[in-house]
Amino acid sequence: MKKFSTLILAVAVSIAATVSCDKKEDTGKSEEGYIDSIYDQIFEMVVSASIDGAYTKALAEAGNNLATTFSTTEHIYVYNETTRKMLIGHLQPEADAAGATLKGKLNGTISTGNNLKLIYLKDAIDYDGQDGTLDGLASGFGYATANVSVSSVTSGKKVTTSDASFTTQQSIAKLTFPVKVKSLTISEPEGLVQSIASDGTETKGDITITLGTPSTEVYVAIRSNSDSEQTYFFDVKDKSGSTYQGYSSVKIAGAKIYDLSITNLREYVDMGFGIKWATCNLGASSPTEIGDYYAWGEMEPYYEDGYAKESPGAHWKEGKAAGYFWGSYRFNPSGDGATFTKYGAGEVLDLADDVARASWGGKWRIPDASRASSLMKGENTSKTWYEDYLGTGVKGLLITSKVSGCEGNSIFLPFTGNRWRTWWYYDRSFYWLSSTGTASKASALTFTATEALNSTEFDRFIGFPVRPVIY
Numbered sequence: 140m141k142k143f144s145t146l147i148l149a150v151a152v153s154i155a156a157t158v159s160c161d162k163k164e165d166t167g168k169s170e171e172g173y174i175d176s177i178y179d180q181i182f183e184m185v186v187s188a189s190i191d192g193a194y195t196k197a198l199a200e201a202g203n204n205l206a207t208t209f210s211t212t213e214h215i216y217v218y219n220e221t222t223r224k225m226l227i228g229h230l231q232p233e234a235d236a237a238g239a240t241l242k243g244k245l246n247g248t249i250s251t252g253n254n255l256k257l258i259y260l261k262d263a264i265d266y267d268g269q270d271g272t273l274d275g276l277a278s279g280f281g282y283a284t285a286n287v288s289v290s291s292v293t294s295g296k297k298v299t300t301s302d303a304s305f306t307t308q309q310s311i312a313k314l315t316f317p318v319k320v321k322s323l324t325i326s327e328p329e330g331l332v333q334s335i336a337s338d339g340t341e342t343k344g345d346i347t348i349t350l351g352t353p354s355t356e357v358y359v360a361i362r363s364n365s366d367s368e369q370t371y372f373f374d375v376k377d378k379s380g381s382t383y384q385g386y387s388s389v390k391i392a393g394a395k396i397y398d399l400s401i402t403n404l405r406e407y408v409d410m411g412f413g414i415k416w417a418t419c420n421l422g423a424s425s426p427t428e429i430g431d432y433y434a435w436g437e438m439e440p441y442y443e444d445g446y447a448k449e450s451p452g453a454h455w456k457e458g459k460a461a462g463y464f465w466g467s468y469r470f471n472p473s474g475d476g477a478t479f480t481k482y483g484a485g486e487v488l489d490l491a492d493d494v495a496r497a498s499w500g501g502k503w504r505i506p507d508a509s510r511a512s513s514l515m516k517g518e519n520t521s522k523t524w525y526e527d528y529l530g531t532g533v534k535g536l537l538i539t540s541k542v543s544g545c546e547g548n549s550i551f552l553p554f555t556g557n558r559w560r561t562w563w564y565y566d567r568s569f570y571w572l573s574s575t576g577t578a579s580k581a582s583a584l585t586f587t588a589t590e591a592l593n594s595t596e597f598d599r600f601i602g603f604p605v606r607p608v609i610y
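Quick note on numbering: the numbering used here labels position 60 of the sequence shown as 199, and the sequence is numbered without any gaps.
Below, the structure is given as structure tokens:
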């Protein structure tokens with residue numbers, strides 16, 4: 140359906156452009172007069188256009204029509220689906236009104252029983268120029284089609300058809316967010332249709348929408364690139380300037396309205412180099428919470444919920460009574476720390492074994508060592524140690540970006556400690572990275588009040604927190 144609609148759009152605009160160019164060489168005749176003068180096979184066509192008894196050429200949402208009237212300046216082109224030919228000329232509404240009667244002269248082949256497609260379009264459509272409102276969609280995204288059948292063609296070439304019931308070819312998504320959105324960027328792996336030029340050429344890319352008034356509801360026109368379910372990613376900036384990413388997997392078809400609630404927003408900070416750092420640890424609900432502890436490549440903590448810092452304690456999951464040690468580690472079933480079923484030296488964690496991706500979904504993942512190194516370099520960031528961060532009683536490290544375009548952006552890494560065997564130790568801070576060193580060790584960020592942020596290798600069974608990223 141997508142390819143066919145695009146073909147129709149391109150042919151319709153091409154035919155219109157041909158007629159327009161021919162007119163420039165004429166001596167001032169109207170388009171209808173010009174068609175009369177050069178073609179013998181002229182048809183006069185009158186069509187009554189409506190949808191469900193309410194005159195409109197677009198979808199309605201909650202009783203609000205997106206385009207309630209036709210205009211005499213609009214051109215409706217005609218494609219004969221039976222002969223697979225575009226007709227020269229176009230139809231136009233008789234008056235600016237909700238009840239539209241479309242009239243015009245056409246050249247080509249029309250016979251009784253033919254099926255015709257009526258195509259309404261603008262010269263070009265810019266999906267990247269939306270304002271997030273219903274009114275904005277009505278004024279700028281009225282690409283719609285209608286199918287009619289020819290009931291008779293008289294000797295005078297007057298064509299009688301069934302009534303036209305127009306439906307929009309845009310998909311419209313009503314997006315609801317838990318924050319008030321100031322701006323929104325939508326992306327999709329195959330690339331969204333960002334614009335359609337007057338010659339029918341499609342440009343693919345992200346769609347960015349800026350709202351005049353921040354709102355939790357954003358209306359978007361989207362053209363799908365696929366007949367299957369796709370994952371759409373939403374980068375949101377709220378009215379305070381905070382940034383988030385969420386996602387939704389949905390199959391989007393034309394001429395439908397989708398009501399999508401994006402509840403999986405996670406806040407992030409762009410620290411430069413194309414890396415977006417989450418503002419809190421996995422398992423935490425705020426930037427100052429430690430969250431949970433994971434062995435490298437494990438998908439859940441070894442302890443029961445609520446016992447992250449118990450030492451030594453007895454609240455361990457089945458088979459994990461030894462706590463964080465080789466005997467509990469899934470990739471070392473012999474429990475000797477010598478032979479592993481997966482991952483050797485110098486490898487990177489598969490996304491299938493990435494607890495950040497499994498827990499948060501979307502594009503979230505554990506950072507690898509090379510990307511995490513951007514935080515350590517003095518030319519990229521400044522670091523400030525806090526014994527009591529913002530009066531919360533939490534100690535940790537505030538890292539502030541110096542990278543061009545991200546200056547002043549910062550993340551707070553709370554002091555974490557670690558889990559070893561059944562004990563919780565609080566002597567230094569650790570954050571797992573996704574890269575292995577030797578076969579038995581993996582890389583992690585580490586720091587103390589007196590030791591600078593750096594990357595070191597540790598036994599893979601030890602329990603460290605995770606700070607997810609997007610890149």
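For every residue, glycine included, the Cβ atom is placed at its ideal position computed from N, Cα and C.
No experiment lies behind these values; they were computed from the predicted model shown.
- Counting along the chain, residue 494 sits inside the alpha helix (DSSP H) bounded by residues 494–499.
- Taking the Cα positions, residue 382 is about 14 Å away from residue 413.
- In terms of Cα proximity to residue 480, the closest of 488, 330, 470 is 470.
- Annotated three-state conformation of residue 558 is strand, per DSSP.
- Annotation for residue 464: 560, 600 place their beta carbon closer than 7 Å to its own, counting only its chain and skipping 5 residues before and after.
- With fewer than 16 other Cβ atoms from the protein chains shown falling within 10 Å of its own Cβ, residue 530 counts as exposed.
- Note on the segment 516–545: whole beta strand (DSSP E) runs with a minimum of 3 residues are 520–525, 535–540, in chain order.
- With contacts defined by Cβ atoms closer than 9 Å, residue 499 and residue 426 do not form a contacting pair.
- Ranked by Cα distance from residue 514, the options 493, 494, 538 are led by 538.
- In terms of Cβ geometry, residue 267 and residue 279 do not form a close pair [threshold 9 Å].
- Assignment of beta strand (DSSP E) within the segment 331–375, counting only whole runs of 3 or more residues, yields 331–335, 341–344, 346–361 in chain order.
- In the three-state scheme derived from DSSP, where H, G and I count as helix and E and B as strand, residue 465 is classed as helix.
- Taking the C-beta atoms as reference points, residue 594 is found nearer than 9 Å to residue 582.
- Ranked by Cα distance from residue 533, the options 213, 554, 466 are led by 554.
- Secondary structure note for residue 593: its beta strand (DSSP E) is the uninterrupted segment 593–598.
- Restricting attention to 245, 378, 604, the CA atom closest to the CA of residue 448 is found in 604.
- Setting aside the 5 residues that flank it on each side, residue 486 is surrounded in the same chain by 574, 575, each with a C-beta closer than 8 Å to its C-beta; the list follows chain order.
- Taking a contact to require three or more Cβ pairs closer than 8 Å, the segment 508–525 and the segment 384–396 do not qualify as touching.
- Counting C-beta atoms within 10 angstroms of its own C-beta, residue 256 has 16 or more neighbours from the protein chains shown and is therefore classed as buried.
- Residue pairing for residue 603: DSSP places it in a beta bridge opposite 433.
- Secondary structure at residue 304: coil, using DSSP grouped into helix, strand and coil.
- In the three-state DSSP reduction, residue 588 falls in the coil class, being neither helix nor strand.
- The shortest C-alpha to C-alpha distance from residue 317 to any of 391, 389, 400 is the one to 400.
- Here DSSP, grouped into helix, strand and coil, assigns residue 291 to strand.
- The residues 556, in chain order, have a CB closer than 6 Å to that of residue 565 in the same chain once the five nearest residues on each side in sequence are set aside.
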